[in-house]
Structure formats: structure tokens, C-alpha cells
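J.: The structure that follows is given in the form of C-alpha cells.
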Amino acid sequence: MEGRKLRCTQQVVIMIRHLRRKKEYSQEYMAAHLDISQNAYSKLETGKIPMTIDRLCEVARILDIAPTELLAEVKLLENNV
């Protein structure tokens, strides 16, 4: 179970990074909209610090995707691995 949880967390941050890059948003842009430093955002996006559900919802809003859609994308990624 713990390994699966870790994989899910990794998949979420990978998907967030993919969507951010697809929209051509910089980490600085994301950080500014989240009212955090670029360094703090980088740690969120790499999984070095945990992302809360509230923060996940904020990130999804900035990326113009529903949190449920983001998690569905993660599920699709998981099924393709």
C-alpha cells in the first residue's frame, strides 16, 4: 500500500508538471499565483514537500482543470504503465 501511495503521489506531480509545461507556464508563474516562492513551488512539483488537497485544488484551478480531471489523468497514466 505504501509503495502504491508513493507512486500515486509521484504520478500527480508528474501530471502537474506536464500540464504546466503544456500551458507554457513557468514555475515562477505558478508560484506567484499560489503566493509562494519559486523554490517552494519547485519542491511541491518534485514531491519534496507534500501537496495538500487544498493546494492540489489551487494548482488545478491555475491549470484550468478540475481536480477530479487531474486525478483521472493520473489514473490513465497509471493504467498505461
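With UniProt numbering, letter number 37 in the sequence shown gets 37, and the count goes up by one each step, no holes. Note that CB positions come from ideal geometry on N, CA and C, so glycine has one too.
#1: Helix, strand or coil: which one does DSSP assign to THR52?
#2: If you count every other CB in all the chains shown that lies within 10 Å of the CB of ILE49, and 16 or more means buried, which is it?
#3: Answer yes if the segment 13-20 comes into contact with the segment 32-39, meaning at least three C-beta pairs across the two stretches below 8 Å, and no otherwise.
#4: Which same chain residues, not among the five before or five after ALA66, have their C-beta less than 8 Å away from its C-beta?
#5: Use the C-beta contact count for GLU45: other C-beta atoms within 10 angstroms, 16 or more gives buried, fewer gives exposed.
#6: Where does GLU24 sit, in a helix, a strand or coil, going by DSSP?
T.: Taking the geometry as given:
#1: In the sequence shown, the residue the question calls residue 52 occupies position 52. In the structure shown, THR52 sits in coil (DSSP, three-state: anything other than H, G, I, E or B).
#2: In the sequence shown, residue 49 corresponds to position 49, counting from 1. Burial call: exposed.
#3: no
#4: Locating residue 66 in the sequence shown gives position 66, counting from the first residue. ALA60, listed in sequence order.
#5: Start at 1 with the first residue of the sequence shown, and residue 45 comes out as number 45. Under this definition GLU45 is a buried residue.
#6: Translated into positions along the sequence shown, residue 24 becomes position 24. In the structure shown, GLU24 sits in coil (DSSP, three-state: anything other than H, G, I, E or B).
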